[in-house]
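**Q**
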Amino acid sequence: MTVVLAATLGYSISDFVGYRVVALLLLVTVSILAIFSDIIPVLLAAILSALIWDFFFIPPRYTFSIDNTEDALMLLMYFIIALVNAVLTDRIKKIQKEVQKKEEKENTIKLYNTLLNSLSHELRTPISTIIGASDNLLSNADRLSKENHNELIHEISTASMRLNQQVENLLNMSRLESGVIRLNKDWCDIGELVYSTAGKMNGSLNNHTLKISVADDLPLFRLDFGLIERVIYNILSNAVQYTPEGSTILIDAHSSDYITTDKIGLEIIASKLILAISDNGKGFPENEIEKVFDKFYRLENSKAGGTGLGLSIAKGFVEAHNGTIKVQNWKSGGAEFIIEIPTQTSYIKALKNE
Amino acid sequence: MNKPEILIIDDEPQIRKMLQITLESNDYQASDASTGKEGLTIAANHPPVLILLDLGLPDKNGHSVLKELRHWYHNPIIILSVQSNEEDIVKALDTGANDYLIKPFRTGELLARIRSLLRKTATGNDPVIDCGDFVIDLSARTVTKNDEWIKLTSTEYSLLVLMAKNEGKVLTHHYLLKEIWGPAYQLESQYLRVYVAQLRKKIETDSNRPKHIITESGVGYRFIAKE
């Protein structure tokens, strides 16, 4: 097509510029084609253009016969240059592709290695503790002081809990990745949800203070209790891990009305649940705040303990509810996570069938 | 003196060993079975006071073992499961399991559950249920806290009594709704939420940190009389 077009153009101007210039024009066209197309169409274009040039332009015109040797040589050279051009361009493209593939592969390997390092570190540390401590208890039992004995047992216990937590995170992550999460939605009393999650944190709060505020007039919300519990738990664990001891963590639950359209297109007022979890720690470094929900992402220079999965699981579970999760730094220091979940509500508070 | 016998049905030898040691060092006698079939035979020949049943057995599905056991075995059954699959647990509880534990669990938790379930079977027909900081008198239909009456609506009272009579047992949302409101209300869980919240305000010292009506995430409620 392109060659025919170029030839037509060449034909219309051949009266002014001479047929040899038309050859150059065709050659340029073939070269440009070579950059964008595959080898076969480019070769065809090269042959076609040579024939066109011979037939339409080389005197005597409209025949394939050539009168003088100069033109015959020119046609041969044209043919060779067009072919070499096509083949060379194709080679260059292939090499470029290979380099790109190699780079991509290297990047994947690099990502995979980082991931594997972080994972094996997080899994092997507690396993090493368990093996070490139990070996000690098995072979040195009579030489250990009572105090050391207890300490080793305590270490095994802590390490197993940590291992269990990591496995839990990995399982949740693979549930999210495989897309098999099915929401088990039911009416939830948000006070019950928040306080019961907070109760599960009790053992691991260190010296942090947990404050809870749940709005009195909150309706019941329809959501998956277990998953939202996990969301709150993960954000709280993150806050406990990354804020200095003695920091305060605040959970605030309230609702907000918004206007939406119902199934038949009428505007209605609906409520969404808003959970805000804030702390008075240092907050996230501004240049890293966008990445906190990324899988396996961990803050630079962060302490050991954590696979970098907790917050991305939280995000996944919130999004499974069609909700949003955001994080921001307070100007006064500290970070705040804001979760918004639009869902059905029920204002049944007192019932009459007594 | 015979120690109470507990049957462990689990296919993992390590878990059986661990449970056996835990039980024997806490004054129980332990017997064990590695398959559902073996478990059913042992339970029939020598009925234990309580059964620990793993849901993932090699020969039979744990649910079917549970179903077969419940045809004739009326003592407590605690389900052990590696999956925190709420649907699976609710199914087992609705088939007649008294409680569940998700592996890995702390042994302290296991012993507490066993104690609470065995205590329940020990006190049968007493008209007064002592819940520590409050007392339910079934004959007078009253609840008193520090010698003062707690005013409960009739639904609140029925709910409380149902839970208290099943002390230690996890009652699923479906079961509670069916028993209190009737089969037509099994999916109307918002009623249950509202009543549990009201009941907690009346009987718990701190209704946000309940000590008696305990939430089992996504599954149901468990009543604890005293700590």
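Line by line, the protein sequences are chains A and B.
So the mapping is simple: my numbering equals the position in the first sequence, first residue as 1, plus 788.
So the mapping is simple: my numbering equals the position in the second sequence, first residue as 1, plus 98.
Every residue gets a Cβ at the ideal spot worked out from N, C-alpha and C, and that includes glycine.
It should be emphasised that the depicted structure is a prediction, and the values quoted were computed from it without experimental measurement.
1. Going by DSSP in three states, E858 (chain A) sits in which element: helix, strand or coil?
2. Assign H996 (chain A) to buried or exposed, taking buried as 16 or more other Cβ atoms, counted over all protein chains shown, within 10 Å of its Cβ.
3. For Q953 (chain A) and L993 (chain A), I'd like the C-alpha separation in whole angstroms.
4. For A860 (chain A), which residues in the same chain have their Cβ closer than 6 Å to its Cβ, ignoring the five residues on either side in sequence?
5. Measuring CA to CA, which of A:T1133, A:D977, A:V1106 is closest to G318 (chain B)?
6. If you reduce the DSSP assignment to three classes, tell me which class F845 (chain A) lands in.
7. Quick one: what's K1114 (chain A) bridged to in DSSP?
8. What did DSSP end up calling S305 (chain B) once you bin it into helix, strand or coil?
9. So is K893 (chain A) buried or exposed if we call it buried at 16+ other beta carbons inside 10 Å?
10. Restricting to Cα atoms, I'd like to know which of A:T877, A:L793, A:L839 is closest to V830 (chain A).
11. Counting only C-beta atoms, is N306 (chain B) closer than 8 Å to chain A at any point?
12. Quick one: is E1142 (chain A) near chain B, going by C-beta distance under 8 Å?
13. Examine the Cβ distances between the region 299–306 of chain B and the region 101–108 of chain B and report whether three or more of them are shorter than 8 Å.
14. Using only the alpha-carbon positions, how far apart do E965 (chain A) and H271 (chain B) sit?
15. For Q127 (chain B), list the residues DSSP reports as bridge partners.
16. Under 8 Å Cβ to Cβ from E1033 (chain A), same chain only, skipping five residues before and after it: list those, please.
17. Let me see if you follow: with CB-CB separation under 8 Å, is C229 (chain B) close to chain A or not?
18. Check V180 (chain B) in the structure and name its three-state DSSP category.
19. Is the beta carbon of F1013 (chain A) less than 8 Å from the beta carbon of S315 (chain B)?
20. Note down the Cα distance separating N1141 (chain A) from Y293 (chain B), rounded to an integer number of angstroms.
21. Whose C-beta lies closer than 8 Å to the C-beta of A1003 (chain A) among residues of the same chain, with five residues either side of it excluded?
22. So what does DSSP say about F321 (chain B), is it helix, strand or coil?
23. Considering only the alpha carbon of each residue, which of A:F824, A:A822, A:T817, A:N856 lies closest to S837 (chain A)?
24. Can you tell me whether K1140 (chain A) is helix, strand or coil according to DSSP?
25. Going by DSSP in three states, Y198 (chain B) sits in which element: helix, strand or coil?
26. So, for G137 (chain B): in the same chain, excluding its five sequence neighbours on each side, which residues have a beta-carbon less than 6 Å away from its beta-carbon?
27. Compare the beta carbon distance of I175 (chain B) and L199 (chain B) with 8 Å and say whether it is the shorter of the two.
28. From the DSSP output, which residues share a beta bridge with A1058 (chain A)?
29. Check this for me: beta carbons of L1061 (chain A) and I969 (chain A), under 8 Å apart or not?
30. First and last residue of the beta strand (DSSP E) that includes L258 (chain B)?
31. Looking at the secondary structure, which residues open and close the alpha helix (DSSP H) in which W279 (chain B) lies?
32. Cα separation between H942 (chain A) and G920 (chain A)?
33. Just confirm the distance between the C-beta atoms of T193 (chain B) and R168 (chain B), as a whole number of angstroms; I'd bet it's less than 8 Å.
34. For P146 (chain B), count neighbouring C-beta atoms within 10 Å of its own C-beta (all shown protein chains included) and say buried if the count is 16 or more, exposed if not.
35. Could you check where the beta strand (DSSP E) with V1002 (chain A) kicks off and where it finishes?
36. Under the three-state reduction of DSSP, which class applies to R1010 (chain A): helix, strand or coil?
**A** Reading off the structure:
1. On the first sequence, position 70 is the one that residue 858 (chain A) refers to. Per DSSP, reduced to three states, the secondary structure at E858 (chain A) is helical.
2. Against the first sequence, residue 996 (chain A) aligns to sequence position 208. By the neighbour-count rule (16 or more Cβ atoms within 10 Å), H996 (chain A) is buried.
3. Numbered from 1 along the first sequence, position 165 holds the residue referred to as residue 953 (chain A). Numbered from 1 along the first sequence, position 205 holds the residue referred to as residue 993 (chain A). Cα-Cα distance, rounded: 15 Å.
4. Looking up residue 860 (chain A) in the first sequence gives position 72. Its chain contains I854 as the residues whose beta carbon lies nearer than 6 Å to that of A860 (chain A), once the 5 sequence neighbours on both sides are disregarded; these appear in chain order.
5. Within the second sequence, residue 318 (chain B) is the residue found at index 220, counting from 1. Across the set A:T1133, A:D977, A:V1106, the C-alpha of A:D977 shows the shortest separation from the C-alpha of G318 (chain B).
6. For the purposes of this step, residue 845 (chain A) is identified with residue 57 of the first sequence, where counting begins at 1. Residue state, collapsed to three classes: helix.
7. The residue you call residue 1114 (chain A) lines up with position 326 of the first sequence. DSSP output for K1114 (chain A) lists A:I1126 as bridge partner(s).
8. By one-based count along the second sequence, residue 305 (chain B) stands at place 207. In this structure, S305 (chain B) counts as coil in the three-state DSSP scheme.
9. Mapped onto the first sequence, residue 893 (chain A) falls at position 105. Counting C-beta atoms within 10 angstroms of its own C-beta, K893 (chain A) has fewer than 16 neighbours from the protein chains shown and is therefore classed as exposed.
10. For the purposes of this step, residue 830 (chain A) is identified with residue 42 of the first sequence, where counting begins at 1. Checked all of A:T877, A:L793, A:L839; the closest Cα to V830 (chain A) is A:T877.
11. Along the second sequence, one-based indexing puts residue 306 (chain B) at 208. At least one chain A Cβ lies under 8 Å of N306 (chain B).
12. The residue you call residue 1142 (chain A) lines up with position 354 of the first sequence. Here E1142 (chain A) scores only 47 on pLDDT, less than 50, and its place in the model is too uncertain to base an answer on.
13. With a cut-off of 8 Å, the region 101–108 of chain B and the region 299–306 of chain B do not count as touching, because too few Cβ pairs lie within range.
14. Position 177 of the first sequence, counting from 1, holds the residue named residue 965 (chain A). Position 173 of the second sequence, counting from 1, holds the residue named residue 271 (chain B). Computed Cα separation, rounded: 30 Å.
15. By one-based count along the second sequence, residue 127 (chain B) stands at place 29. Looking at the DSSP output, Q127 (chain B) shares a beta bridge with B:E103.
16. The sequence position of residue 1033 (chain A) within the first sequence is 245, counting from 1. Same-chain partners within the cutoff: N994, N995, H996.
17. Stepping through the second sequence from its first residue, residue 229 (chain B) is reached at position 131. Taking CB atoms only, C229 (chain B) has no neighbour in chain A less than 8 Å away.
18. Within the second sequence, the letter at position 82 stands for residue 180 (chain B). V180 (chain B): coil per DSSP, three-state reduction.
19. By 1-based counting over the first sequence, the position of residue 1013 (chain A) is 225. By 1-based counting over the second sequence, the position of residue 315 (chain B) is 217. The beta carbons of F1013 (chain A) and S315 (chain B) sit closer together than 8 Å.
20. Start at 1 with the first residue of the first sequence, and residue 1141 (chain A) comes out as number 353. Start at 1 with the first residue of the second sequence, and residue 293 (chain B) comes out as number 195. Reliability of the predicted coordinates at N1141 (chain A) is poor, the pLDDT of 46 falling under 50, and no value is obtained from them.
21. Here residue 1003 (chain A) corresponds to residue number 215 of the first sequence, with the count starting at 1. The beta carbon of A1003 (chain A) lies closer than 8 Å to those of A1041, H1042, S1043 in the same chain, with the five residues before and after it left out.
22. For the purposes of this step, residue 321 (chain B) is identified with residue 223 of the second sequence, where counting begins at 1. The DSSP-derived three-state label of F321 (chain B) is strand.
23. Here residue 837 (chain A) corresponds to residue number 49 of the first sequence, with the count starting at 1. The shortest C-alpha separation from S837 (chain A) is found at A:T817.
24. Along the first sequence, read from residue 1 onward, the residue named residue 1140 (chain A) stands at position 352. Because the pLDDT of K1140 (chain A) is 48, which lies under 50, any placement of that residue in the model is unreliable, and the question is left without a value.
25. Mapped onto the second sequence, residue 198 (chain B) falls at position 100. DSSP places Y198 (chain B) in strand when its eight states are reduced to three.
26. Within the second sequence, residue 137 (chain B) is the residue found at index 39, counting from 1. Non-local beta-carbon contacts of G137 (chain B) in its own chain, meaning distances under 6 Å to residues more than five positions away in sequence, involve I107, A131 in chain order.
27. Here the question's residue 175 (chain B) lines up with position 77 in the second sequence. Here the question's residue 199 (chain B) lines up with position 101 in the second sequence. Against a cut-off of 8 Å, the Cβ pair of L199 (chain B) and I175 (chain B) comes out as no contact.
28. Counted from its first residue, the first sequence places residue 1058 (chain A) at position 270. Its beta-bridge partners are A:Y1046.
29. Within the first sequence, residue 1061 (chain A) is the residue found at index 273, counting from 1. Within the first sequence, residue 969 (chain A) is the residue found at index 181, counting from 1. Going by C-beta atoms, L1061 (chain A) is not nearer than 8 Å to I969 (chain A).
30. Along the second sequence, one-based indexing puts residue 258 (chain B) at 160. First-last for L258 (chain B): 252–263, but that is the alpha helix (DSSP H), not the beta strand (DSSP E).
31. Position 181 of the second sequence, counted from the first residue, corresponds to residue 279 (chain B). It spans 271–279 - the alpha helix (DSSP H) in which W279 (chain B) sits, taken as one unbroken run.
32. For the purposes of this step, residue 942 (chain A) is taken as the residue at position 154 of the first sequence. For the purposes of this step, residue 920 (chain A) is taken as the residue at position 132 of the first sequence. When only Cα atoms are considered, H942 (chain A) and G920 (chain A) end up about 13 Å apart.
33. To locate residue 193 (chain B), count along the second sequence from 1; it is residue 95. To locate residue 168 (chain B), count along the second sequence from 1; it is residue 70. Their Cβ separation, rounded to whole angstroms, is 7 Å, which keeps T193 (chain B) and R168 (chain B) in contact under 8 Å.
34. Position 48 of the second sequence, counted from the start, is the residue given in the question as residue 146 (chain B). When all chains shown are included, P146 (chain B) counts as buried.
35. Here residue 1002 (chain A) corresponds to residue number 214 of the first sequence, with the count starting at 1. It spans 997–1002 - the beta strand (DSSP E) in which V1002 (chain A) sits, taken as one unbroken run.
36. The residue you call residue 1010 (chain A) lines up with position 222 of the first sequence. DSSP places R1010 (chain A) in the strand class (E or B) of the three-state scheme.
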